[in-house]
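Written out below as structure tokens is the structure these notes cover.
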Amino acid sequence: MMSEELERILARLTEPDNAVIQQATAELKQAFKDPAIIPALCALMTESQNPQSAAVMLRLRVRKHWKKISPDHRESLKAVVLQHMIEIYFFNYYTVCSHISTLNSVQVGLLLLSKVVGSNPEPFKPHYKQLLQLFGTVLQDLNNPTALYYCILTLTAITAYTGTEEMNLMRSLIPKLLIALKHLIQADQDHASEAMEVFDELMESEVSIVVPHIAEIVRFCLEVCLHILIVIITCLFLNLLKAVLKHKLLQPILQVVFPILSAAPPPGEEDPEDEENDTEGDSENPKHFAVQVGLFTCFTLPFTQTCLSSENPYERKGGLMCMAVLAEGCADHIRTKMLSSMLQTVCRSLSDNNQVVRSAALFALGQFSEHLQPDVSKFHAELMPLLHGYLSAVNQTKIGHMTKAFYALENFLENLGPEIEPYLPTLMETMLSALNNAENLKLKELAVSAIGAIANAAKEMLVPYFPPIIESLKGFLTDTREEMRTLQTQALDTLSVLARTVGKEVFSPLAAECVQLGLNLTDGVDDPDLRRCTYSLFSAVSDVSPDCLAPHLTPITTVMLLSLKSTEGVMAHLDEDKPFVLLDDDDADDEDEEGDVDLDEESETEVDDRDVAGFSVENAYIDEKEDACDALGEIAFNTGVNVKGLVFNYSESFDQLLHISLYISPALHKLLQVVLPCFLEAVRQDRERQVVMAILESMNAVIKSCQGEALQAPGILAEISNTIKDVLKKKTVCQDVGGDEADDDEQQAEYDAMLQEFAGEGIPVLASALPAETFYPHLNDLLPLIMSKAKPSCTEADRSFSIGTIGETLHSLVGVAGGSAVAGRLSNRLLPVLVAGVRDSDAEVRNNSVFALGALAQAAGPIVASYPLCVDYPMMLSLFSNLLSKESDLRVIDNLCAALCRMIMSHIEGVPLEQVFPALVACLPLKEDMEENKTIYSCLTFLYSHNPVLVQAHFHSQHAQLTAPY
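One gets the working numbering by counting positions in the sequence shown from 1 and adding 17 to each.
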């Protein structure tokens with residue numbers, strides 16, 4: 018009788034009527050007080066047409082009240098559940114799981130199967146063959162690590178109970194099992210460690226299953242050991258390099274790592290990066306982890322040089338791969354001391370008789386071009402002919418090798434700037450030929466990408482080639498076939514670059530057509546990468562021709578905001594340490610009273626949130642959201658008021674967008690109150706230096722964009738200043754090396770210095786955002802930390818950073834209220850440091866010191882005569898005169914000219930113009946630092962208004978020099 022009544026109550030809980038649901042809930046709470054509820058629910062599980070509801074309620078009841086259930090009811094419950102699982106669930110699950118494709122359904126099903134089978138494998142023995150067939154399918158789903166994990170756990174549970182009839186099926190699973198474990202290691206090492214217990218069971222229970230595959234298993238175990246070894250060493254280098262150096266562990270570590278790095282692959286095989294195929298992706302084999310060790314220290318250089326002189330091509334390749342990552346980890350050391358010799362080595366390796374060596378040399382050259390700028394671009398006369406000649410000679414069927422050649426070329430071109438002009442005709446001939454004649458789609462994609470890099474460097478110089486480029490791109494842009502997708506996406510990306518570089522007059526006629534193309538693609542193709550590129554195209558068009566974009570703002574902003582709100586590509590991960598919870602009992606913790614059942618929707622949601630350990634988002638969707646934010650910000654800037662009404666309709670997403678918020682003050686304040694505290698907390702607590710660097714960079718960008726608006730919240734200025742101070746003092750979590758190692762003065766990984774540089778960049782940003790007197794107390798606390806890095810005993814990079822930060826801070830004071838008074842107050846403290854910097858042996862330090870002295874003179878401004886700085890003008894002029902007589906670095910000379918101009922404009926009476934002006938004009942035009950032309954010509958205008966005779970006297974004789982930049 019109770020079962021029938023209970024079934025009616027459960028049925029009413031699903032009615033679409035709140036009053037009915039509330040009444041049924043009350044009745045259910047009352048029913049739970051009857052001890053007969055357990056057998057009634059058990060009966061419903063086997064007899065009802067809707068057993069799921071009964072199962073959920075039964076689980077809810079017994080979860081934390083098991084001890085209160087009578088022994089008879091416990092035994093009956095065990096029997097019912099087990100029988101139900103065996104006779105009903107298993108067959109339904111097996112049938113459904115063979116056909117379903119829903120990721121969560123597979124994961125939940127395998128989780129439940131692993132728990133039930135793992136608790137008592139023997140009753141499932143009649144179904145082992147079906148289970149093993151199912152496992153054979155699941156183990157091939159390498160993109161679903163959670164399913165792999167539960168599948169292997171279930172396989173481990175039944176291994177000891179398998180018999181001769183399952184032997185062949187078990188043997189066939191071993192190769193799939195090894196591949197699945199390799200993927201599981203990359204996805205979740207904790208799960209992989211637990212899953213590898215399957216080998217213990219196999220060895221102890223059924224050795225005959227393992228014997229045919231023993232060689233594969235041994236190779237797998239060796240690879241896993243190396244993988245774990247290198248991961249541990251990499252973590253040591255990343256977090257505890259000082260301790261490694263102090264205990265003299267570096268040499269033995271490198272003696273282990275370099276043989277791995279330079280090992281030849283098994284006979285008949287190639288390293289993944291040397292395979293000639295059309296696939297891309299990061300390899301995570303031990304060799305690639307080994308090469309990352311070189312990222313953190315320059316002490317690998319002797320080992321690298323030994324490898325490069327070897328007769329073994331794989332050792333030469335290992336040396337080049339290590340040089341490539343050294344360019345990222347030890348950039349300052351290489352730029353100042355080793356760049357020329359390392360480039361010569363790489364160039365020689367491009368002519369090596371072994372292709373794996375040539376391929377590694379291309380990778381190294383690409384890394385150099387990316388991380389050793391601007392110094393590496395000075396070698397363009399040697400490198401560009403070599404790169405272009407190499408590209409022309411490579412067999413175009415070897416796509417993997419062509420990819421590396423284009424990678425090196427692109428990275429070099431991106432930073433070449435105007436120097437690209439003499440190489441432009443041959444480069445464009447090569448690229449257009451590839452677009453029009455190559456049969457391989459990957460080669461066309463590489464050429465399209467390279468044209469974007471060329472455009473970034475050449476800008477308006479590319480205009481003569483614009484018509485044939487567009488003509489070639491049109492076919493790729495409109496072809497929506499799946500096999501053309503990556504080429505189409507790259508063509509869109511390059512089109513956006515062209516819109517920004519060739520000039521508005523050239524691109525404007527295509528603007529309307531580009532907008533329509535983007536709308537058609539976002540409407541017709543569901544691909545996050547393609548949408549991302551259309552957003553970039555829209556923002557580029559808004560810069561070139563905002564009027565063309567204005568009629569389409571509603572559909573454009575709608576699709577971007579939908580991208581921001583979309584949860585596509587987002588996957589929730591359950592906390593496996595918690596019980597598998599379907600519905601929680603809020604009163605379960607109260608063991609002395611009958612727990613009430615809370616069935617409201619809000620409670621269920623809270624339980625779900627607590628059971629989620631975290632979320633992951635596919636990279637393509639993150640990139641799409643990031644580009645949507647950037648595009649909306651730029652469109653807001655370029656189209657002005659037209660976008661404001663549109664984004665107000667999406668206030669939830671709008672509050673996430675800084676660039677749009679800049680135009681609507683309430684939203685901006687709301688955003689800043691959320692974002693800045695999060696930034697500061699992450700800087701202090703995150704363990705990854707690279708993450709903290711990215712956060713500091715973002716925080717600086719926010720403050721630079723928002724200026725004083727970002728600093729209105731009470732106490733936020735002090736919090737930001739204190740956070741910068743913590744980084745400079747190495748007090749953040751990611752800088753904590755622990756123990757006595759904190760006092761060790763041995764060299765650290767370059768990331769430590771880079772982290773402090775990102776923090777230091779925030780000081781001039783703050784100085785430019787506030788009245789000088791407001792920021793002065795905080796600046797007064799920060800300056801000693803910055804100045805301490807200018808000591809002669811510090812590294813060149815530290816000295817350059819210190820004086821550069823001082824110079825930029827003084828330059829920021831020029832444009833803020835009260836800047837003159839604060840600059841004058843600081844002059845006595847700063848002059849000795851800056852004067853010493855002018856005499857430094859390093860050109861970059863001298864350059865920054867000269868700039869800082871000029872900025873100090875300019876910042877002190879009209880009140881300079883009230884401070885001792887005016888007395889120091891003769892000393893500064895004498896210092897500059899001595900420097901000019903022996904300086905050979907063109908950038909230093911350019912900044913010296915600009916510093917003289919700043920001194921003249923701030924205190925003309927303190928400068929003997931009859932002697933200084935001729936020397937200044939003789940150094941013109943500027944040779945490298947063209948940004949200072951604005952300072953030079955402002956000074957000439959200023960002088961002409963004060964002393965036209967002086968300017969005219971020297972103008973005619975120096976006319977050619979003065980007008981050269983134009």
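From the three backbone atoms N, C-alpha and C, an ideal C-beta is built for every residue, glycine too.
- Going by DSSP, Leu45 is part of the alpha helix (DSSP H) stretching over Asn35 to Ala48.
- At a Cβ-Cβ threshold of 8 Å, Ile737 and Gly777 do not count as neighbours.
- Three or more beta-carbon pairs drawn from the segment 912-919 and the segment 856-871 are found closer than 8 Å, and the two stretches are therefore classed as touching.
- Per DSSP, Asp906 lies in no alpha helix (DSSP H) segment and is marked neither H nor E.
- In this structure, Val519 sits near Val480, with a CB-CB distance shorter than 8 Å.
- A direct Cα-to-Cα measurement between Glu21 and Thr154 gives close to 41 Å.
- The DSSP-derived three-state label of Val831 is coil.
- Under the criterion of beta carbons closer than 8 Å, Leu534 and Pro572 do not qualify as touching, at roughly 13 Å.
- Judged by DSSP secondary structure, Ala853 falls within the alpha helix (DSSP H) whose first and last residues are Gly836 to Val855.
- For Ile733, the enclosing alpha helix (DSSP H) stretches over residues Ile733 to Leu745.
- Close CB contacts of Met716 within its chain, under the 6 Å cut and outside five residues either way in sequence, are with Phe696 (chain order).
- In this structure, Tyr145 places its C-beta atom within 8 Å of the C-beta atom of Thr179.
- Taken in chain order, the complete alpha helix (DSSP H) segments of 4 residues or longer contained in the segment 308-381 are 318-325, 330-346, 348-354 and 356-366.
- One alpha carbon belongs to Met947, the other to Ser805, and they sit about 31 Å apart.
- Non-local beta-carbon contacts of Lys334 in its own chain, meaning distances under 6 Å to residues more than five positions away in sequence, involve Val373, Val374 and Ala377 in chain order.
- Of the candidates Val855, Gln505, Thr584 and Met220, Gln505 places its Cα closest to the Cα of Ser489.
- Annotation for Ile437: no alpha helix (DSSP H) segment contains it, and DSSP assigns it neither H nor E.
- Going by beta carbons, Glu774 and Gly835 fall outside the 8 Å limit.
- With a beta-carbon spacing of about 25 Å, Phe493 and Ile652 fall beyond the 8 Å limit used to define contacts.
- Annotated three-state conformation of His924 is coil, per DSSP.
- The three-state reading of DSSP puts Thr574 in helix, counting H, G and I together.
- One Cα belongs to Gln690, the other to Ala718, and the distance between them is close to 16 Å.
- Take Glu387, set aside five residues on each side of it, and the residues of its chain with a beta-carbon closer than 6 Å to its own are Asn428, in chain order.
- Judged by DSSP in its simplified three-state form, Lys944 adopts coil rather than helix or strand.
- Excluding five sequence positions before and after Ala528, the CB atoms of its chain that fall closer than 7 Å to its own CB belong to Val558, Val561, Ser562 and Cys565, given in chain order.
- Counting every other CB atom within 10 Å of its CB across the protein chains shown gives Glu825 a total of 16 or more, marking it as buried.
- A direct Cα-to-Cα measurement between Leu787 and His795 gives close to 12 Å.
- A distance below 8 Å separates the beta carbons of Gly854 and Ser866.
- Note that the C-beta distance between Gly541 and Thr497 is below 8 Å.
- Around the beta carbon of Glu635, a 10 Å sphere encloses fewer than 16 other beta carbons of the protein chains shown; the residue is thus reported as exposed.
- Taken atom to atom, the span from the alpha-carbon of Gln707 to that of Glu32 is near 53 Å.
- Cys364 is not a Cβ neighbour of Leu389, given a cutoff of 8 Å.
- Counting only runs of 3 or more residues that sit fully inside the segment 381-411, no beta strand (DSSP E) segment turns up.
- Closest by C-alpha distance to Pro809, out of Leu186, Ile921, Arg856 and Ala281, is Arg856.
- From the listed residues Phe237, Ala422, Asn160 and Thr443, the smallest Cα separation to Asp205 is found for Asn160.
- Taking 8 Å as the cut-off, the beta carbon of Cys940 is found closer than this to the beta carbon of Ile910.
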